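Asker: Below are the structure tokens for one structure; questions will follow.
Residue numbers (my numbering), protein chains in the order written: chain S, 1 to 494; chain Z, 495 to 716.
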């Protein structure tokens, strides 16, 4: 506890301020968004509740995924009627609320059968953490527990913002204003806050990813020590035990650790190899234990509990297979314009705008409400000057970039790994179900780079004007977040 | 080596001040727009045109109690390119007495708002009937699968779908006027410790975040 207090006291005051602002902002979001309206919150809560009640992750059998408590809550909250149509509302009258509160006070069982849901094939770390607020909740009523558990997500989001601040401090040590600008742009990003509003495992994934970026940047700048190698490994272990999406970042992380190890060769080959091995052991041993528990004590079917099956299976329900050609075409088209030799058109319009940019601007709820169209047009108009400024910022920082090139290369591989993984899973999902797969939030393991991009845009204005533009960018992010909040209030309560 | 010149004095503060004023003006403008606001719905999504009723027919279906602040009903209809026929909507209680009713004489296809006049307790409503005038058929949006086998009837014969009704408050209101209602609704459908205090406290917290962030930026980005 004393070490934690010392560590907090050692943080720059600006870092503590960014953390606090992000925390309060995320807590506000958590109170605005009605229960279970964050994407997949139903499944994430069910997983956490099962784990809290039984001490183990769901076995994913054919039984019910939701407890009787949650099923009644969803029914009385008019959940299935509310999602999918922005005109539909949940509980709006005292009479509806009375029915809800009466049903929830009936002593319904909090125990489900641990049946399969979209979340159950993921590792249990987030849900184990969420079990703590579940247990310490002053009431056993499900909605009280959910509200308390949402505070954990707010804390994780604030932790992510802190990690982004410290990451930028390592990368841009001469520009303290940039640390604040990048961190606050993440803190007020409304889609980040929307996910942080709910019981959602992705919040720990975002934190683990941001801390990994920080740990790698810190070790690159200050040298790899035993503590830093263990830190990189620990951040990876948290990511791997949170969501298997983190696997997509591991090739880039492995490259970064090898680069860090190579730089230590001058201090002795044995030491360098030992440090690389330490990072790998700290990252992989807990993951291995998780896999063994899946096979033995938890009886979850396979080493990864089926966590990669949906994303990697190539056989389609109709009997066809997803070919390598289709996979490569899909991955390309998901981000870039289709080339003439590509056989299939997988996306209407321009995914770079429709999915990624518009998704970052805001597709809220269960993807059922958005800003008015002109907001997305404005974002498209602003994209060009922002990218030009970011490019200018990169050119201005070319001296620093040259020094950081190996590290940035590994960040590039991490990014590429995630983009390819989204496409690889996406083509299988889309060809199996007919529904689109990608959402902008799938990029949020790269929030550290989003903060860096914000700082680079401001830097593009030149040293003299960079803090001024930085202030403008943060204000724009805050306004974006504020109007997303008013939009959310009108969606659910208006 | 030449040192880069510092930003103009107070430039950050100027940008922040202009920005805050702009946001405040937009917020005030946004909240001052008046429109008919929702009081609830019959819980049926307008997914497809689930009910097709011939001209001169009456479509009835089971419905729950109306929210107490309901002053109008809104349905989504298609007329196959023809003008909207006269429509009359009646909400009935278990004895078949009319509790609220209203109608429109014509108009265009799309969302149609039917102002209602009350003659009983809205909480006693169990059924709604929509009478369609003239001889042209009308498609009404709703859900194709009925929740019960005889949920919807057209002229007394069972029909396959149920139609969707949105309930509206009586008069167009700005968000400022709706604030007490929002305040009330904010405490519903959540943990019991939430209540009427929630929205004002959240507003104060949001204000604190904004004030704190602006002050922090003005200090850090000098």
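For every residue, glycine included, the Cβ atom is placed at its ideal position computed from N, Cα and C. Note that this is a predicted model, so its numbers are computed, not measured.
1) Tell me whether residue 339(S) counts as near the ligand HEM, meaning its Cβ is closer than 8 Å to at least one heavy atom of that ligand.
2) By the three-class DSSP mapping on this structure, what secondary structure does residue 607(Z) have?
3) Starting from residue 432(S) and walking both ways along the alpha helix (DSSP H), at which residues does that stretch end?
4) With a threshold of 8 Å on Cβ separation, who are the neighbours of residue 33(S) within its own chain once the five nearest residues in sequence on each side are excluded?
5) I'd like to know if residue 494(Z) contacts chain S, where contact means its C-beta is closer than 9 Å to some C-beta of that chain.
6) Whose CA, out of 191(S), 52(S) and 379(S), lies closest to the CA of residue 112(S)?
7) If you check the beta carbons only, do residue 210(S) and residue 236(S) fall under 9 Å apart?
8) Residue 353(S) lies in the alpha helix (DSSP H); which residues open and close that run?
9) Would you tell me roughly how many angstroms separate the C-alpha atoms of residue 357(S) and residue 187(S), rounded to the nearest one?
10) Please decide whether residue 543(Z) counts as near chain S, where near means a Cβ-Cβ distance under 9 Å.
11) Establish whether the CB of residue 535(Z) and some CB of chain S are separated by less than 9 Å.
12) Looking at the unbroken alpha helix (DSSP H) that takes in residue 286(S), where does it start and where does it end?
13) Since residue 197(S) is in the alpha helix (DSSP H), which residue starts that stretch and which ends it?
14) Taking the alpha helix (DSSP H) that residue 41(S) belongs to, which residues open and close that run?
15) Measuring only between beta-carbons, confirm whether residue 516(Z) sits less than 9 Å from chain S.
16) Which residues of chain Z have a Cβ atom closer than 7 Å to the Cβ of residue 88(S), listed in chain order?
17) If we count the other Cβ atoms within 10 Å of its Cβ and call it buried at 16 or more, is residue 360(S) buried or exposed?
18) If contacts are defined as beta-carbon pairs under 8 Å, then residue 686(Z) and residue 144(S) qualify, I think. What distance do you get, rounded to the angstrom?
19) Could you compute how far the alpha carbon of residue 177(S) sits from the alpha carbon of residue 527(Z)?
20) Could you check if residue 1(S) is buried or exposed, using at least 16 other CB atoms within 10 Å of its CB as the buried criterion?
21) Distance cutoff 9 Å, beta carbons only. Does residue 19(S) sit that close to anything in chain Z?
22) At a Cβ cut of 8 Å, what residues of the stretch 559-578 of chain Z count as close to chain S, listed as they run along the chain?
23) For residue 147(S), return the contacting residues in chain Z, with the cut-off set at a CB-CB distance below 9 Å.
24) The alpha helix (DSSP H) that contains residue 517(Z), what's its start and end?
25) Reducing DSSP to helix, strand and coil, say where residue 586(Z) ends up.
26) Is the beta carbon of residue 540(Z) closer than 9 Å to that of residue 661(Z)?
27) For residue 126(S) and chain Z, any beta-carbon pair shorter than 9 Å?
28) Rounding to the nearest angstrom, what Cα-Cα distance links residue 149(S) and residue 295(S) in this structure?
29) Does chain Z have any CB closer than 9 Å to the CB of residue 199(S)?
30) Quick check on residue 717(Z): buried or exposed, where buried means 16 or more other Cβ atoms within 10 Å of its Cβ?
31) So residue 523(Z) contacts chain S; which residues on that side make the cut at Cβ distance below 9 Å?
32) Beta-carbon of residue 229(S) versus every beta-carbon of chain Z: anything under 9 Å?
33) Taking one C-beta from the stretch 100-118 of chain S and one from the stretch 161-173 of chain S each time, how about it: are there three or more such pairs within less than 8 Å?
34) If you draw a straight line from the C-alpha of residue 577(Z) to the C-alpha of residue 627(Z), how long is it?
35) Chain S beta carbons: is any one of them nearer than 9 Å to that of residue 520(Z)?
36) Let me confirm a value: residue 508(Z) is counted as buried when at least 16 other C-beta atoms fall within 10 Å, else exposed. Which label applies?
Answerer: To lay it out plainly:
1) As for the ligand HEM, it is missing from this structure, which has no ligand bound.
2) On the second chain, residue 607(Z) is found 113 positions in, with the first residue counted as 1. Looking at residue 607(Z) - three-state DSSP - the assignment turns out to be strand.
3) What you label residue 432(S) is simply residue 432 of the first chain in a count that begins at 1. In the DSSP annotation of this structure, the continuous segment of the alpha helix (DSSP H) that includes residue 432(S) starts and ends at 398-433.
4) Numbered from its first residue, the first chain carries residue 33(S) at position 33. For residue 33(S), where only same-chain residues beyond five positions count, the Cβ hits under 8 Å are 194, 197, 198, 488 and 492.
5) Past the boundaries of the shown model lies residue 494(Z); chain Z is included only from 495 to 716, so the question cannot be answered.
6) Locating residue 112(S) in the first chain gives position 112, where the first residue counts as 1. Selected option, being the one with the closest Cα: 52(S).
7) The sequence position of residue 210(S) within the first chain is 210, counting from 1. The sequence position of residue 236(S) within the first chain is 236, counting from 1. Cβ atoms of residue 210(S) and residue 236(S): not closer than 9 Å.
8) Locating residue 353(S) in the first chain gives position 353, counting from the first residue. Counting along the chain, residue 353(S) falls outside any alpha helix (DSSP H), and DSSP gives it neither H nor E.
9) For the purposes of this step, residue 357(S) is taken as residue 357 along the first chain, with counting starting at 1. For the purposes of this step, residue 187(S) is taken as residue 187 along the first chain, with counting starting at 1. About 18 Å.
10) For the purposes of this step, residue 543(Z) is taken as the residue at position 49 of the second chain. Answer no: the Cβ-Cβ gap between residue 543(Z) and chain S never drops below 9 Å.
11) The residue labelled residue 535(Z) in the question sits at position 41 within the second chain. Yes, residue 535(Z) counts as interfacial toward chain S.
12) Within the first chain, the letter at position 286 stands for residue 286(S). From DSSP, the alpha helix (DSSP H) with residue 286(S) extends over 269-295.
13) The count along the first chain starts at 1 and reaches residue 197(S) at position 197. Careful: residue 197(S) lies outside any alpha helix (DSSP H) and carries neither H nor E.
14) Stepping through the first chain from its first residue, residue 41(S) is reached at position 41. Residues 41-54.
15) Counted from its first residue, the second chain places residue 516(Z) at position 22. For residue 516(Z), the answer is yes, since a Cβ of chain S falls inside 9 Å of its Cβ.
16) Counting from one through the first chain, the residue named residue 88(S) turns up at place 88. Within 7 Å Cβ-Cβ: 535 and 539.
17) Here the question's residue 360(S) lines up with position 360 in the first chain. Buried, since its Cβ has 16 or more Cβ neighbours within 10 Å.
18) For the purposes of this step, residue 686(Z) is taken as the residue at position 192 of the second chain. For the purposes of this step, residue 144(S) is taken as the residue at position 144 of the first chain. By a beta-carbon distance limit of 8 Å, residue 686(Z) contacts residue 144(S). Their separation comes to about 7 Å.
19) Locating residue 177(S) in the first chain gives position 177, counting from the first residue. Locating residue 527(Z) in the second chain gives position 33, counting from the first residue. So the two alpha carbons sit approximately 38 Å from each other.
20) Stepping through the first chain from its first residue, residue 1(S) is reached at position 1. Residue 1(S) is exposed by the Cβ-count criterion.
21) Residue mapping note: residue 19(S) aligns to position 19 of the first chain, counting from 1. No - not a single Cβ of chain Z is within 9 Å of the one on residue 19(S).
22) Residues passing the 8 Å Cβ filter: 559, 561 and 562.
23) For the purposes of this step, residue 147(S) is taken as the residue at position 147 of the first chain. 684, 685, 687 and 688, listed in chain order.
24) Along the second chain, read from residue 1 onward, the residue named residue 517(Z) stands at position 23. Element bounds for residue 517(Z): 505-525.
25) Within the second chain, numbered from 1, the residue matching residue 586(Z) stands at position 92. Looking at residue 586(Z) - three-state DSSP - the assignment turns out to be strand.
26) Within the second chain, the letter at position 167 stands for residue 661(Z). Within the second chain, the letter at position 46 stands for residue 540(Z). Between residue 661(Z) and residue 540(Z), the gap from beta carbon to beta carbon reaches 9 Å or more.
27) Working through the first chain from its first residue, we reach residue 126(S) at position 126. Answer no: the Cβ-Cβ gap between residue 126(S) and chain Z never drops below 9 Å.
28) For the purposes of this step, residue 149(S) is taken as residue 149 along the first chain, with counting starting at 1. For the purposes of this step, residue 295(S) is taken as residue 295 along the first chain, with counting starting at 1. Roughly 29 Å between the two C-alpha positions.
29) Locating residue 199(S) in the first chain gives position 199, counting from the first residue. No, no contact with chain Z.
30) As displayed, chain Z neither begins before 495 nor continues past 716, which places residue 717(Z) out of reach and without an answer.
31) Taking the first residue of the second chain as 1, we reach residue 523(Z) at position 29. Residues of chain S with a Cβ closer than 9 Å to the Cβ of residue 523(Z) do not exist, since the nearest Cβ in that chain sits about 12 Å away.
32) Sequence index remark: in the first chain, residue 229(S) carries index 229 (1-based). Not one chain Z Cβ lies under 9 Å of residue 229(S).
33) Counting Cβ pairs under 8 Å, fewer than three are found: no touch.
34) Here the question's residue 577(Z) lines up with position 83 in the second chain. Here the question's residue 627(Z) lines up with position 133 in the second chain. So the two alpha carbons sit approximately 11 Å from each other.
35) Walking along the second chain from the start, residue 520(Z) turns up at place 26. Yes, residue 520(Z) lies at the interface with chain S (some Cβ there is under 9 Å from its Cβ).
36) Walking along the second chain from the start, residue 508(Z) turns up at place 14. It is exposed - the Cβ of residue 508(Z) has fewer than 16 other Cβ atoms within 10 Å.
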